[in-house]
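Count along the sequence shown starting at 1, add 51, and that's the number in our numbering.
We put the CB at the ideal spot given by N, CA and C, even for glycine.
Everything on this sheet refers to the single structure shown next.
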Amino acid sequence: MIDALIGGTLHGTAEQKTGQAGKPFVVRKVRTPMQSGEALFVNVICFDKAAGAALLALHAGEPVHIAGTLTPKVWTPPQGEPRPVLDMQAHAVLTTYAVQRQRKSAADAL
């Protein structure tokens, strides 16, 4: 696994699910741009309550940065060329809303 920080835009809607042990988790897809102009989709799973709440609160198309462990894989469609795909277990989620809130808190503290 790779410890990584990815940035991109949210794709689709988040889903909250419950594991076999009864522990809730959130799954989401993030579209990350590449230098070639194409994009990779990152399948994100999150067990952390705060990070999961952030993923659930955001809508498709919103920018986001996610920190966590990244696992590269290959996906082969039924009729097509193999494509790279990334799976990430998220530990932290950073959004523009969080940055604005931190800046306001810092300004209020002065």
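Run through DSSP, which three-state label would residue i get?
i: GLY112; result: coil
i: GLY63; result: strand
i: ALA90; result: strand
i: GLY103; result: helix
i: THR147; result: helix
i: ALA160; result: helix
i: LYS155; result: helix
i: GLN119; result: The sequence given here has Gly at residue 119, not Gln. DSSP places GLY119 in strand when its eight states are reduced to three.
i: PHE98; result: coil
Sorted by chain position, which residues of the same chain lie with C-beta nearer than 8 Å to residue i's C-beta, five sequence neighbours on each side aside?
i: THR69; result: PRO75 and PHE76
Should residue i go down as buried or exposed, given a rule of 16 or more other Cβ atoms within 10 Å for buried?
i: MET22; result: Residue 22 lies beyond the residue range present for the chain, which begins at 52 and ends at 161; the question has no answer from this structure.
i: VAL125; result: exposed
i: ILE117; result: buried
Whose C-beta lies closer than 6 Å to the C-beta of residue i among residues of the same chain, with five residues either side of it excluded?
i: GLU66; result: VAL78
Among the options, which one has its Cα closest to the Cα of residue i?
i: THR146; options: LEU161, ALA105 and THR120; result: ALA105
Between which residues of its own chain and residue i is the CB-CB distance below 7 Å, once the five residues before and five after are set aside?
i: ARG82; result: GLY59, THR60, HIS62, ALA90 and PHE92
i: PRO123; result: PRO135 and LEU137
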